[in-house]
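Step one of this worksheet: look at the structure below.
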Amino acid sequence: MTHHLMQPTKYYLRRRNSVRLQYRRLYQPNVFERVHVDFSHFGLTKSFFAYGYDLEVRPDEYDYYDARVWGRYRINPASMWHNAWISTDYRKPVAVDAGGGFWQWAEWGAHGQYANIGVILRASDRLNFNARLDWGNHHQIGWAQTLNADSVGMAMRHNREFAQTLRAQYLFGPNSYLNLNLRHNWNRVHSLERFHLTETGQLQPTNAYADPNLNVNLFNMDLKFVWWFAPGRELNLLYRASLAKIDGAWDKKYLENLRGLQNEQSNQVVSLRLVYFLDYAEVVQNAKFKP
Numbered sequence: 040m041t042h043h044l045m046q047p048t049k050y051y052l053r054r055r056n057s058v059r060l061q062y063r064r065l066y067q068p069n070v071f072e073r074v075h076v077d078f079s080h081f082g083l084t085k086s087f088f089a090y091g092y093d094l095e096v097r098p099d100e101y102d103y104y105d106a107r108v109w110g111r112y113r114i115n116p117a118s119m120w121h122n123a124w125i126s127t128d129y130r131k132p133v134a135v136d137a138g139g140g141f142w143q144w145a146e147w148g149a150h151g152q153y154a155n156i157g158v159i160l161r162a163s164d165r166l167n168f169n170a171r172l173d174w175g176n177h178h179q180i181g182w183a184q185t186l187n188a189d190s191v192g193m194a195m196r197h198n199r200e201f202a203q204t205l206r207a208q209y210l211f212g213p214n215s216y217l218n219l220n221l222r223h224n225w226n227r228v229h230s231l232e233r234f235h236l237t238e239t240g241q242l243q244p245t246n247a248y249a250d251p252n253l254n255v256n257l258f259n260m261d262l263k264f265v266w267w268f269a270p271g272r273e274l275n276l277l278y279r280a281s282l283a284k285i286d287g288a289w290d291k292k293y294l295e296n297l298r299g300l301q302n303e304q305s306n307q308v309v310s311l312r313l314v315y316f317l318d319y320a321e322v323v324q325n326a327k328f329k330p
């Protein structure tokens, strides 16, 4: 159910409020899975400043997927999720997007916070940049190890996420451009507690399952040149570099973690792709008039 306010007022161009009820069941077996209630608010001012807020309430739900054994499930306690965001005027040379939120389960101490901020810079009609930072700090429960169909282990983990993204684009003209995409994703996972998943979907503390600590680094860089030299005909030149490192040093600091990546080998690829669209009618017509 959505209520739109489309008529401009003294301060707003438009506003929207919506409420959604989502009820889900598995197809086979035909059993209840979850029900969610969502509330969302959106506003756009006359200065083209946009903002929004989302609230989601979830009663107890049955997770049939995280156990990774057919027929097994975990009962997730009731939870509440909040999210808010803002976005400034994109017509200006510099615009900012920012957001954040938090969530919490009613039991087991599972909770988390997250935030993001992005800056869009239009240096000229040809050159623009887009930089973004994403941060997350979560205490989450998830699958850890399966010994057999009757022994499924879960774990409470402290998961800290940090991602940096930079995008740049330069337009040479209407038919060619150069794109640069850089991304570094850093995850630190510290195992806090382990549980046995019972037949009724409950959790019992135990030390019977393994759940290692992890420090995960993923780095990607794409540099792509595109040239449309005729309608339906395109030339792509791509350079791609990627690096992945996974170890157990979950307690590293940011600069220490970066120094640890200096000697790692990366995978590098250079590719050239030509797309050439042949118009059958044009080919036949040219063949007829060929002297």
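When you line the sequence shown up against our numbering, it's residues 40 to 330, in that order.
We put the beta carbon where it would ideally sit given N, CA and C, even for glycine.
Residue of the options minimising C-alpha distance to residue i
| i | options | result |
| --- | --- | --- |
| residue 65 | 277, 125, 104 | 104 |
| residue 321 | 158, 310, 270, 250 | 270 |
| residue 187 | 74, 286, 248 | 248 |
| residue 331 | 291, 236, 40 | Shown here, the chain extends from 40 to 330; a query on residue 331 therefore has no answer. |
| residue 255 | 293, 264, 240, 286 | 286 |
| residue 148 | 231, 167, 85, 200 | 231 |
| residue 50 | 170, 88, 43 | 88 |
| residue 317 | 311, 325, 298 | 325 |
| residue 62 | 97, 159, 246, 182 | 97 |
| residue 70 | 111, 84, 86, 178 | 111 |
| residue 311 | 278, 303, 294 | 278 |
Identified DSSP bridge partners for residue i
| i | result |
| --- | --- |
| residue 173 | 155, 202 |
| residue 142 | 120, 151 |
| residue 212 | 215 |
| residue 87 | Residue 87 pairs with nothing; no bridge assigned. |
| residue 244 | 234 |
| residue 62 | 74 |
| residue 184 | 192 |
| residue 161 | 167 |
| residue 316 | Per DSSP, none; premise fails for residue 316. |
Contact belief for residue i with residue j at Cβ below 8 Å, rounded distance in angstroms
| i | j | result |
| --- | --- | --- |
| residue 210 | residue 228 | Actually they do not touch by this definition, with Cβ atoms about 41 Å apart. |
| residue 323 | residue 272 | 18 Å between Cβ atoms; not a contact. |
| residue 172 | residue 152 | Between residue 152 and residue 172 the Cβ distance is about 14 Å, and since that is not below 8 Å, they are no contact. |
| residue 118 | residue 144 | 5 Å |
| residue 333 | residue 72 | Missing from the structure shown is residue 333; the chain here goes from 40 to 330 and no further. |
| residue 92 | residue 75 | About 16 Å; that fails the 8 Å criterion. |
Beta-carbon contacts of residue i that lie in its chain and below 8 Å, excluding the five residues immediately before and after
| i | result |
| --- | --- |
| residue 268 | 214, 274 |
Contacts around residue i, its chain only, beta-carbon distance under 7 Å, and the 5 residues preceding and following it disregarded
| i | result |
| --- | --- |
| residue 114 | 99, 101, 240, 241 |
| residue 289 | 227, 228, 229, 252, 253, 254 |
Cβ neighbours of residue i in the same chain (closer than 6 Å, five flanking residues each side left out)
| i | result |
| --- | --- |
| residue 264 | 217, 276 |
| residue 306 | 281 |
| residue 168 | 160, 207 |
Say whether the segment 117-129 touches the segment 137-153, bearing in mind that this needs 3 or more beta-carbon pairs closer than 8 Å, one atom from each stretch.
yes
Given 8 Å as the limit, is there contact between the segment 276-288 and the segment 255-265, that is, 3 or more CB pairs closer than that?
yes
Does the segment 189-198 touch the segment 214-223, meaning 3 or more C-beta pairs lie closer than 8 Å?
no
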